[in-house]
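So the structure is just underneath, and the comments pick up after that.
Numbering (my numbering), first residue to last: 24 to 451.
In structure tokens form, the structure reads like this:
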């Protein structure tokens, strides 16, 4: 009989199934849920358990749970997934429950959680609960704190949530491959007292990166630094949804970095406070104003601000090559080079050939060049005034007067009041 005593007997994550999970064991596992698509799912208030204000996962969703005998039960399925990176490009990744990143897990400080993990990958895996305080045998490091979860097996992790904050989950098995393939997710623990750390809008996303050659679908897992797709929740601009808020609302943005480098994340039009790390909430006396927060590797940050300035405000990584798509790192600088003679001869061989870069790269944002299959323009996106010339880790924070609470729909482009847009000076 499966009981908590037998689950914890080995002081590690417990095996409850093999290549064929027994009927009795399968009956204890809640059904795995799957997302409806790649757009941002609106938050759903909890139907049972302790109350909390749910987060909004950017281009993602939160996993449902089953409340059973005082335990909040979740079911994650590690498996091959296909993710639309942006319209026009898909990636064949590994993830959880049909998507990369996997669903956000939400619970409340003091909850007891039971997390079933089924492995449908072609190799073994585990799950490490990054930043969580838990029994050593539940930490998810294959070979050190538990056996590996072999293909076809289901393991269960059980622990109590002793503190609130923003955390992550990811494998600690063949980590270079599995994380490079997109295996990760968010774990948000809300305060027991809903009045603590309260905000009106609470967004969350993970920072990840891929190296996918044009025309291919699978990331190159041995890449160390030269990635060509810098993404938020495995999406790149213009595929990243905007973060929407009503004027006067207090907004929190939770971010986690699981790439191989740091990211200075910059918000236009506002200053904010860093209010949390994966080590916990920053006391009010220890907070300071910023407009850019540096995201170290393997770390979480939460920032907060009052949305008191309406507009469409850019929100992006401030490493300029991280706001570009499918970027080739061996492209020479051609500024000032007269390419007319070469271009004339090249057109005879390649009719679609086009000389570029002699005056800079700005014109690329407006070009509609033929592309290889399954890739994206390096600079793309259109706004109300023309090409935005961005990609990668870029989106907008859209603040509007009169927006109803709980409305997360894209309100469209901002209508600037007369006289508030930069304009050409005639005759200058």
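Note that CB positions come from ideal geometry on N, CA and C, so glycine has one too.
When secondary structure is reduced to three states using DSSP, residue 142 falls in the strand class. For residue 180, same chain residues with a beta-carbon under 6 Å away, outside a window of 5 residues either side, are 36, 138 and 161 in chain order.
Annotated three-state conformation of residue 254 is strand, per DSSP. Residue 344 sits in a helix when the DSSP states are folded into three classes. When secondary structure is reduced to three states using DSSP, residue 303 falls in the strand class.
In the displayed model, residue 367 falls within a helix according to three-state DSSP. In terms of Cβ geometry, residue 299 and residue 325 form a close pair [threshold 7 Å]. In this structure, the CA atom of residue 173 is about 19 Å from the CA atom of residue 116. Taking C-beta separations shorter than 6 Å and ignoring five residues to either side along the sequence, the partners of residue 73 in its chain run 131, following chain order. In this structure residue 285 is not in contact with residue 112, their Cβ atoms being roughly 26 Å apart against a cut-off of 8 Å. In the three-state DSSP reduction, residue 272 falls in the coil class, being neither helix nor strand. Residue 187 counts as buried, since at least 16 other C-beta atoms from the protein chains shown sit within 10 angstroms of its C-beta.
In this structure, residue 258 and residue 109 form a Cβ contact; the two beta carbons are roughly 6 Å apart against a cut-off of 8 Å. Secondary structure of residue 201 (DSSP, three-state): helix. One alpha carbon belongs to residue 98, the other to residue 62, and they sit about 22 Å apart.
In this structure, the beta-carbon distance from residue 82 to residue 216 does not fall below 7 Å. If you compare the alpha carbons of 435, 338 and 367 with that of residue 413, the shortest gap goes to 338.
Checking the DSSP bridge columns, you'll see residue 95 partnered with 90 and 136. The stretch 309 to 319 and the stretch 202 to 217 do not touch, with fewer than 3 CB-CB distances between them shorter than 8 Å. Residue 399 holds the alpha-carbon nearest to the alpha-carbon of residue 240 among 302, 399, 430 and 151. Unbroken beta strand (DSSP E) runs of no fewer than 3 residues, entirely contained in the stretch 179 to 232, are found at 188 to 193 and 208 to 213, following chain order. Residue state for residue 161 is assigned as helix, using DSSP reduced to three classes.
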